[in-house]
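Asker: Provided herewith is a single structure, encoded as structure tokens, for subsequent inquiry.
In my numbering, the protein residues as written are 7 to 293.
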């Protein structure tokens, strides 16, 4: 392949929210500098390193994004690792969107324009349509996102004072801390039900115990088919194959952005993307 333009390479190794943030930044910088974009998702936490596939094309069908041509490592055969990646990788290849200081356009503006131009593959689109038709059946919903995967260390990150005032303790059992988190969500859901008693609660979580608490209290629909045995964040779980994990993550992310009320924990980059499409007054950040 002849090289008529320079490249920016996006190859952060994290969950879906993080790698999208890195890809969005590299896309913006490629557009700004009249460069092409390589999205290298071969070595992400979703992948099987022994037989890595580039997971970007497993969920998206984009040969270009707003006039920026998109390439993948396989487009360069054996030249990618030596001639391309070593030459064009730089400080931005792994940087997050939120780590870059924009002079003119804001982070949310860039993210929104990047995300809305991504074309989901047919399989995920069909899964979402099927979910609408078979499980929601026209019901009004409230979406609930709670990430627990890194256990108390994750929950307490940036929330120590607030959690301490609510009676949380790192010395408590994980079940008790999850129960305390559930109480925060419950208070808000109960308020919403006063205005619409027919609301269906949509569960987006990696925590089976949290999902159980919700399901015992409310009329719920869970967006996850199964939970990891290891109690890790979903993208870190070892028991699922990479294509299944990335497809399920993308399906949940695009399901999230279509609902009116959204209750969230603010430490997760995963819910940042769907929030771009939901009015601020429909979003409640619980911690």
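Where is the CB? At the ideal position from N, CA and C, for every residue including glycine.
Quick one: grab the DSSP three-state call for residue 94.
Answerer: In this structure, residue 94 counts as helix in the three-state DSSP scheme.
Asker: Output yes or no for whether 8 Å exceeds the beta carbon distance between residue 152 and residue 80.
Answerer: No, the Cβ-Cβ distance between residue 152 and residue 80 is not below 8 Å.
Asker: Less than 8 Å between C-beta atoms, sequence neighbours within five positions excluded: which residues of the same chain meet that for residue 129?
Answerer: Within the same chain, residue 129 has close Cβ partners 253.
Asker: How about the stretch 60 to 68 and the stretch 38 to 48: do they share at least three Cβ pairs that are nearer than 8 Å?
Answerer: Result yes; three or more Cβ-Cβ pairs closer than 8 Å.
Asker: Go ahead and label residue 88 buried or exposed: buried means 16 or more other beta carbons lie within 10 angstroms of its beta carbon, across all protein chains shown.
Answerer: Residue 88 is exposed by the Cβ-count criterion.
Asker: Taking the C-alpha atoms as reference points, what is the distance between residue 16 and residue 103?
Answerer: Looking at the two C-alpha atoms, the distance is approximately 11 Å.
Asker: Do you know how far the Cα of residue 225 is from the Cα of residue 194?
Answerer: Distance between the alpha carbons of residue 194 and residue 225 is about 15 Å.
Asker: Under three-state DSSP, which class holds residue 181?
Answerer: DSSP places residue 181 in helix when its eight states are reduced to three.
Asker: Can you give me the start and stop residues for the alpha helix (DSSP H) that residue 253 sits inside?
Answerer: 248 to 262 is the span of the alpha helix (DSSP H), which, as asked, contains residue 253.
Asker: Rounded to a whole number of angstroms, what is the C-alpha to C-alpha distance between residue 249 and residue 154?
Answerer: Using only the alpha carbons, I get a separation of about 22 Å.
Asker: Is residue 291 buried or exposed, if buried means 16 or more other CB atoms sit within 10 Å of its CB?
Answerer: Flag for residue 291 reads exposed.
Asker: In the structure shown, what three-state DSSP assignment does residue 69 receive?
Answerer: Coil at residue 69, not helix or strand.
Asker: How long is the line joining the alpha carbons of residue 185 and residue 209, rounded to whole angstroms?
Answerer: Between residue 185 and residue 209, the C-alpha separation is close to 15 Å.
Asker: In terms of DSSP beta bridges, what is residue 42 paired with?
Answerer: Beta-bridge pairing links residue 42 to 13.
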